[in-house]
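Structure record follows, encoded as structure tokens.
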Amino acid sequence: MLLVDDEPGILTEVSLLLASSDIKHVATISDSRKVVQYVRENRVSAVILDWVMPNVTGGEILQCLSTEHPQIPVIVMTAMGDVETAVGCMRQGAFDFLTKPVDPNRLVASVKKALQVSELGQQNRILKDYLLADLLGNPDAFAGIVTTSKKMRGIFQYIEAIATSRLPVLITGETGAGKELLARAVHDVSGVCGPFISLNAAGLDDFMFSDTLFGHKKGAFTGADSKREGLIAAAAGGTLFLDEIGDLNLASQIKLLRLLQEREYYRIGSDLLLKSDARIVAASNMDFAALRNSGSFRNDLYFRLCAHEFRVPPLRERLEDVAPLVDYFVQAFAAEQGKPAPFVPAGVIAALEQYRFPGNVRELYNMVHHAVTCNDGGAVTIADFPGVSAVSVRPPQPIDPSNPLFAMFGRFPTIVQVEEYLIAEAMKVTGGNQTAAAELLGLTRPTLCKRLKH
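The opening position of the sequence shown corresponds to residue 1 in my numbering, with each subsequent residue numbered one higher.
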């Protein structure tokens, strides 16, 4: 944030006002000749600009910033309150026009809005770069999500694009699609030092929601024998995940709205105003358009929550994930139960890919667990998956015995088997040096360490 005025007293007064309103990192310049060069050399989110100054006028600076840095919102302050000046400022690209003496509340509101617009613009530019490059900057954060889907990869890129933002995130999608896993990925990618704290809002009345989220003062009500901090305090410096947010009653919605707007809250029974820096990530399987139309979910709360929003596609919209998920679950459950991993025929995979999966990945997880548990060796069959109908599949072409994969494994291997083989070979070639092996495999060292442990 950059504040430009030729009067030192105004610089001090406005800086203190912004600091008291939790607007930090404010730079000040009294010499208008230095403004353009400063903006060229430093990252500036927004500018408060005096209109009448010696040397270089506010109008000249605004014209230059609008041309060179159109993404930076510029708020103009001036003692000239005539309509002509205001119209001229806005035509030149000013974000807002304030007349001196400026109302403090109006100034703070304008600055907060400008910073929010600037931040969203920055996130959109980063997102565009990610989508064009088709790269992930932090693939380890998504290592626990098994997928080959382009839709899911697009979500990963979006999560990385909004990583530095502290604005709320709304995740929608059907039950069992993986919303909490992606909420954790949002937290992991953001790099914050605080914890990931989860609260399921389903079935909570207003008192339980307030007590769980905000906490209470000792003696606030019968049975309050000690102070309760609340989950919002536990999430300080980290992420608060509110699951099933669509179930929240209207009274609780008002309290959550205040927390999002002001970053402030009260514990039950206390008049001490507390501040929160936790990022809010919310999730729901409900249709928010229908909820808002029926009046059961506040419009203003929805628009606060959806500063960043994405939908998790159901499993039936990413059928390419069925085979790798089955393979992953089979290996995991077999290891957990201390038995050899059963073979999964192509016919079983084909049948699963025809199934609708109303319970999504969670339903597939339970299906595979049942199949592995009931299997005593050999191969699973379609009978191990109740409710799934068999489909006819073209028999696979016989594998050429000279195929190197067949020679190494005796049959066509699974992805997990190939991965284990490559890791073992890399460790052998590098003499057990994990850093060198990770580089050889194109992995980060922490990712390789995780794979070795599994």
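All residues carry an ideal CB built from backbone N, CA and C; glycine is no exception. Source: prediction; values computed, not measured.
{"query": "Nearest neighbour of Pro413, chosen from Met427, Pro324, Lys428 and Asn360 [CA to CA]", "result": "Pro324"}
{"query": "Proximity to Ala283 [Cα-Cα], best of Ala233, Pro168, Pro345 and Val380", "result": "Pro168"}
{"query": "Residue from Val281, Val56 and Asp22 with nearest C-alpha to Gln37", "result": "Val56"}
{"query": "Those residues which DSSP pairs with Phe200 across a bridge", "result": "For clarity, residue 200 is Asn in the given sequence; the question names Phe instead. Partner(s): Asp243."}
{"query": "Inter-stretch contact (C-beta, 8 Å, three-pair minimum) for the segment 373 to 381 and the segment 332 to 340", "result": "yes"}
{"query": "Same chain only: Cβ atoms within 7 Å of Asn200, ignoring 5 sequence neighbours per side", "result": "Asp243 and Glu244"}
{"query": "Lys150, buried or exposed, once every other Cβ within 10 Å from all chains shown has been counted against 16", "result": "exposed"}
{"query": "Length of the line joining the Cα atoms of Leu422 and Gly154", "result": "28 Å"}
{"query": "Straight-line Cα distance separating Ala426 from Pro139", "result": "20 Å"}
{"query": "CB contact flag (Asp206, Ser270, <9 Å)", "result": "no"}
{"query": "Residues near Arg166 in its chain [Cβ-Cβ closer than 7 Å; skip 5 each side]", "result": "Arg279"}
{"query": "Sub-9 Å separation of Thr175 and Arg362 beta-carbons", "result": "yes"}
{"query": "Selection from Phe357, Gly387, Ala346 and Glu353 that minimises the alpha carbon distance to Val380", "result": "Ala346"}
{"query": "Minimum C-alpha distance to Val368 - residue among Phe385, Phe357 and Asp50", "result": "Phe385"}
{"query": "Cutoff 8 Å; reference Leu62; Cβ partners in own chain excluding five residues on either side", "result": "Leu49, Val74, Val76, Cys89, Gln92, Gly93 and Ala94"}
{"query": "Residue range of the beta strand (DSSP E) that includes Ile280", "result": "Arg279 to Ser284"}
{"query": "Asp96 (DSSP reduced to helix, strand or coil)", "result": "strand"}
{"query": "Every unbroken beta strand (DSSP E) inside the segment 289 to 377 [3 residues or more]", "result": "308 to 311"}
{"query": "Rounded distance between the beta-carbons of Leu182 and Ile197, thought under 8 Å", "result": "That pair is no contact at about 16 Å."}
{"query": "DSSP-derived helix/strand/coil call for Lys218", "result": "coil"}
{"query": "Length of the line joining the Cα atoms of Gly215 and Asp103", "result": "35 Å"}
{"query": "Cβ-based neighbour list, Cys23, same chain, cut-off 8 Å, excluding 5 preceding and 5 following", "result": "Residue 23 is actually Ile in this sequence, not Cys. Contacts found: Met1, Val108, Val111, Lys112 and Leu115."}
{"query": "Helix, strand or coil at Glu264 [DSSP, three-state]", "result": "strand"}
{"query": "Helix, strand or coil at Leu132 [DSSP, three-state]", "result": "Confidence at Leu132 is low in this model, with a pLDDT of 48, below 50, so its placement is unreliable and the value that follows should be read with caution. Residue state, collapsed to three classes: helix."}
{"query": "Inter-residue Cα distance where the pair is Lys255 and Tyr266", "result": "10 Å"}
{"query": "Beta-carbon proximity list for Ala46, same chain, < 6 Å, skipping 5 on both sides", "result": "Met1, Pro73, Ala114, Leu115 and Ser118"}
{"query": "Cβ-based neighbour list, Ala436, same chain, cut-off 6 Å, excluding 5 preceding and 5 following", "result": "Thr430"}
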